[in-house]
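Q:
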Amino acid sequence: MPRKHPKSFARPLQAVEPPRDVEVLIGAVSVTALVMVLGALSESPVWLLGLLVFLPGAASALCTVRQTKFVSAWTALVVIVTMLVRHGDGRPWLDRILMMLLTLALGAASVYACHRRIRREHETLRLRSTAAAMQRHILRPLPILTDDVLVDGAYEPVQEDRLIGGDIYDVVVSPWGTRVLIGDVQGKGLPAVGAAFAVVGAFRATAHREPTLTALADALDASVVRHNSYAAQTGDDERFVTVLIINIDSHEEVQVINCGHILPQLLHDATVTTPAVASGVPLGLAELAAEPATVDWFAFPTGATLLLTTDGLTETRAADGTFYPLVERLTMRTDLSPTDLPRALYDDARAFAGEGGQHDDVAVLAVRRSPYR
2 MPRKHPKSFA RPLQAVEPPR DVEVLIGAVS VTALVMVLGA LSESPVWLLG
52 LLVFLPGAAS ALCTVRQTKF VSAWTALVVI VTMLVRHGDG RPWLDRILMM
102 LLTLALGAAS VYACHRRIRR EHETLRLRST AAAMQRHILR PLPILTDDVL
152 VDGAYEPVQE DRLIGGDIYD VVVSPWGTRV LIGDVQGKGL PAVGAAFAVV
202 GAFRATAHRE PTLTALADAL DASVVRHNSY AAQTGDDERF VTVLIINIDS
252 HEEVQVINCG HILPQLLHDA TVTTPAVASG VPLGLAELAA EPATVDWFAF
302 PTGATLLLTT DGLTETRAAD GTFYPLVERL TMRTDLSPTD LPRALYDDAR
352 AFAGEGGQHD DVAVLAVRRS PYR
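Start counting at 1 in the sequence shown, then tack on 1, and there's your number in this note's numbering.
#1: Comparing C-alpha positions only, which one of Phe324, Glu288, Ala271 sits nearest to Leu337?
#2: Using CA coordinates, which residue listed in Leu221, Tyr170, Val80, Val365 is at the minimum distance from Ala287?
#3: Who are the Cβ neighbours of Val225 in its own chain at under 6 Å, not counting the five residues just before and after it?
#4: Within the chosen definition, does the region 143-155 reach the region 323-332 through at least 3 CB pairs nearer than 8 Å?
#5: Among Val363, Ser251, Glu18, which has the Cα closest to the Cα of Ile119?
#6: Using only alpha-carbon positions, find the residue among Thr310, Leu103, Val79, Glu254 that is nearest to Asp362.
#7: From the DSSP output, read off the bridge partner residues of Ile169.
#8: What did DSSP end up calling Leu268 once you bin it into helix, strand or coil?
#9: Taking 7 Å as the limit between beta carbons, can you name the residues of its chain near Leu214, skipping five residues before and five after?
#10: On the DSSP bridge list, what partners appear for Ser175?
#11: Expressed to the nearest angstrom, what Euclidean distance is found between the alpha-carbon atoms of Phe198 and Thr335?
#12: With DSSP as the reference, label Phe353 as helix, strand or coil.
#13: Given 8 Å as the limit, is there contact between the region 337-352 and the region 201-218, that is, 3 or more CB pairs closer than that?
#14: Could you tell me how far apart the beta carbons of Ala1 and Gly108 are, in whole angstroms, since I believe they sit closer than 8 Å?
#15: With burial defined as no fewer than 16 other Cβ atoms inside 10 Å of the residue's Cβ, what is the status of His262: buried or exposed?
#16: Taking DSSP as the reference, what is the three-state secondary structure of Ile263?
#17: Between which residues of its own chain and Val25 is the CB-CB distance below 8 Å, once the five residues before and five after are set aside?
#18: Taking the alpha helix (DSSP H) that Thr215 falls in, what are its first and last residues?
#19: Tell me whether the beta-carbon of Pro302 lies closer than 7 Å to the beta-carbon of Glu239.
#20: Let me know the secondary structure DSSP gives Phe71 once reduced to three states.
#21: Report all residues from its chain with a CB closer than 8 Å to the CB of Met101; omit the five preceding and five following residues, and keep chain order.
#22: Report the option in Ile98, Leu268, Asp22 whose CA atom is closest to the CA atom of Leu307.
#23: Can you have a look at Ala147 and say buried or exposed, based on whether 16 or more other CB atoms are within 10 angstroms of its CB?
#24: Could you tell me if Glu124 is buried or exposed, where buried requires 16 or more neighbouring beta carbons within 10 angstroms of its beta carbon?
#25: Should Gly304 go down as buried or exposed, given a rule of 16 or more other Cβ atoms within 10 Å for buried?
#26: When you compare only the Cα positions, how much space is there between Ala223 and His116?
#27: Quick one: is Ile1 buried, meaning 16 or more other Cβ sit within 10 Å of its Cβ, or exposed?
#28: Under 7 Å Cβ to Cβ from Arg4, same chain only, skipping five residues before and after it: list those, please.
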C-alpha cells in the first residue's frame, strides 16, 4: 500500500480571462450607437468627447492589447468622421482638431496602459507560480499516509493572493513512530513566513534523529532563536512560534509536547474530549521559562480521530464578536471522515464569521489511526 497520496490544496494559478473578440465588437458598436443617438438628440458633439472617449480606457482595463488597439482605432475613426461630417454646426475647426487629437492621444495612452497591465499580470502570475512551488516544497500536500496514521486537512491563508501564511504543519516518519507538527507563527507578512520555514526545516532535519520529543522541541526552539538573531541584524521583528508535536506509534497512548499551542480534540465513539496536556512557552521564548518543556501522554485508541488546529479556527469571530464554538460544532460532525472533517469545519467557520466577521490563516489537520497497525 502506498505511504502517501499527494493532493494539492493550492488554488489554480491562471491569468484573468479577457473578453472574446465578438463581445468587444458588440460592446463597442452598442456604446457607439448609444452615443450617436444622444449626440443627435442633444445636437452637440460634446457627447462624443464626454462618453465615447471612455471606451479605450475601459478596454485597457479589461481587454487584451490587440482588442484595446481595435477599440482605440474604432473610437478615433468614429470621432474623426463625425467631426468632419458635422462641419456645418458652427464649431471652429480648431475645436474639431483638438477633439480629434485628444481622442488619438487617449487611444494611444489606453494601449500603453493595457501593455503595462498585461505585463504586471504576467509578473504577478510568475510570482504566484513561484509561491506555489515553494508551497509544494515547504508544506507537504495532503493527505499523508504512514504505517501509523492517515493525516488529512485544510490549509487556507487569510489573503487569497498569498499561498503561504504563518500557519505550518508537517508529518515525519521516524524510527520511534510518526511525528506530527502543527504550529502558528506570531505576526504576519514575509518575516512570519521566514520563521515558519525555519521551524519546518528544523523539524524535518531533526524529527527522525532525536529519540525524545523534548530534544526535538529544543532543536525547534534553537531554530527560532537563530532566525530571530538573523532578523535582528536586518531590522526585522523577532517572532515566536506556538507548536504542538505528537508522536504516534503502535502503542495506544501517544506522546505530546505543547509549546503554547491550541489543545487537540479527540473524537471517539461520537464524543469529543480535550486531552489534558500541559502548555509550555512558545518556541523562541524557552530562555524565559521557569521549567523546561515536558512530555504528556494520552490515549489515542484505534478508530479515533485527533483534530489539530491553529487559532485561526478557534478565534474566528462573528460580526457580533462571538468566537467560533469549535467543540460544539465538532460534536455535530463526529460522523465525518478525516478527509471531509477539516474542510467541513473550515467552511462552517467561514459561514459563522460572515461578511462582517474576523478570520485568520487556518490550518486544520485530522489524524486517524491506521487500521493496519
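Where is the CB? At the ideal position from N, CA and C, for every residue including glycine. Owing to the predicted nature of the structure, the values given are computational and were not obtained by experimental measurement.
A: Looking at the coordinates:
#1: Ala271
#2: Leu221
#3: Val242, Leu284, Gly285
#4: no
#5: Glu18
#6: Thr310
#7: Gly184
#8: strand
#9: Ile246, Asn248, Gln256, Ile258, Val296
#10: Gly178
#11: Distance between the alpha carbons of Phe198 and Thr335 is about 33 Å.
#12: helix
#13: no
#14: Residue coverage of the chain in this structure runs from 2 to 374, which leaves residue 1 outside it and unanswerable.
#15: buried
#16: DSSP, read as helix, strand or coil, puts Ile263 in coil.
#17: Ala60, Cys64, Gln68, Phe71, Val72
#18: Looking at the DSSP string, the run of the alpha helix (DSSP H) that includes Thr215 is 214-234.
#19: no
#20: helix
#21: Cβ within range, chain order: Ala77, Val80, Ile81, Met84.
#22: Leu268
#23: As written in the sequence, residue 147 is Thr, which differs from the Ala given in the question. Looking at its Cβ environment, which holds 16 or more other Cβ atoms inside 10 Å, Thr147 is buried.
#24: exposed
#25: The residue in question, Gly304, is exposed, as its Cβ has fewer than 16 Cβ neighbours within 10 Å.
#26: 48 Å
#27: Nothing about residue 1 can be reported from this structure: the residues present for the chain run from 2 to 374 only.
#28: In this prediction, Arg4 has a pLDDT of 37, which is less than 50 and means its spatial position is unreliable; what the coordinates show is noted afterwards. Only Leu146, Thr147 meet the Cβ criterion.
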